[in-house]
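Numbering of the sequence shown is given in the UniProt record's numbering, commencing with residue 1 and proceeding in unit increments.
Yeah, the Cβ is synthetic: ideal placement off N, Cα and C, and Gly gets one too.
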Amino acid sequence: MARESAAGAVLSSDGARLAPSTIVTARQAVWMYRELPDEIDVPFAMPVLYEDERIVVVDKPHFLATMPRGARVVQSALVRLRRELGEPLLSPAHRLDRLTAGVLLFTRDPAVRGAYQQLFATGRARKEYAALAPLRAGLELPVVVESRIEKTPGIMRAYEVDGPVNARSHVELEAEVPGGRGGTVGRYRLRPETGKTHQLRLHMSGLGVPILGDPLYPEPREFVDGDFSDPLRLLARTLAFADPVDGTEREYVSGRELAVVNAAAPCISEPDVAS
């Protein structure tokens, strides 16, 4: 840390720069600016679906994190949108997994940010997802899946345990669509009542129909960062809610479509940025 402190990159909790000779006490908080590694560019557009003086709604692509985290800072929806719009106060009202595409809402006005965040925290936002997954003989649909999901910080996979239910998902089969090698797969409509991490992925895997392209469920598989050929076929297709500020009923729909193609080509139909 000596090199960083000499460069003025180590600060105390009150913002004072700490020199290499500064003595710190046990449990004293210090902050260090670290050099960011080169990031792999996510080469997909993020169209704006709607904007007004309070909110911006975008169509997030697969592989783009919602918030900066770890090695992914610039390649996040938040940083990308702040730079594109020149608005440093933008903040997401909710999150989508990095591997999930679809409708994502940001707030512009800090005064109403909490009101929009509470839409998701209290389950008043109505979310609908589309997913492509195998067909399973004997699986009775529609079905409501209930379980208790927990996740350990630092561990990528979430897991189900015994205990009070904290995750509930509605699953139905919309259609059978052409799959690879002349077969068929299912296009499923998913409606989560709750928002636990990896909830839909875990519930679909538990039904014996894991979502295509999932690198974690039912079992982890090798995932090469920067390989965009086999994304998770999960799309946050629709977001609807009564606006917490003016009561207007709002609904936003993704312009993306999920598709099954060979593993060497993109399997997501990108929306027309000009539309």
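If one requires a minimum length of 4 residues, the alpha helix (DSSP H) runs lying completely within the UniProt domain "Pseudouridine synthase RsuA/RluA-like" (55-205) are 77-85, 110-121, in chain order. Under the DSSP definition of a beta bridge, A240 partners with R126, E251. The beta-carbon distance between E160 and G206, rounded to whole angstroms, is 7 Å. This is short enough to meet the 8 Å contact definition. Between M46 and A77 a beta carbon distance of about 6 Å is seen, short of the 8 Å cut, so the two are scored as contacting.
Contact between the segment 129-142 and the segment 107-120 is absent, with fewer than three C-beta pairs closer than 8 Å.
In the DSSP annotation of this structure, the continuous segment of the beta strand (DSSP E) that includes Y50 starts and ends at 48-51.
Within the same chain, V144, V145, E146, P192, E193, T194 come within 8 Å of R168 by CB-CB distance, once the 5 residues on both sides are set aside. Within a 10 Å sphere around the beta-carbon of T152 sit fewer than 16 other beta-carbons, which makes this residue exposed.
Remark: C-beta atoms of L232 and R201 approach each other more closely than 9 Å.
For the options F241, L105, L234, A137, the alpha carbon positioned closest to that of L212 is the one of L234.
Between I155 and T197, the alpha-carbon positions lie close to 12 Å from each other.
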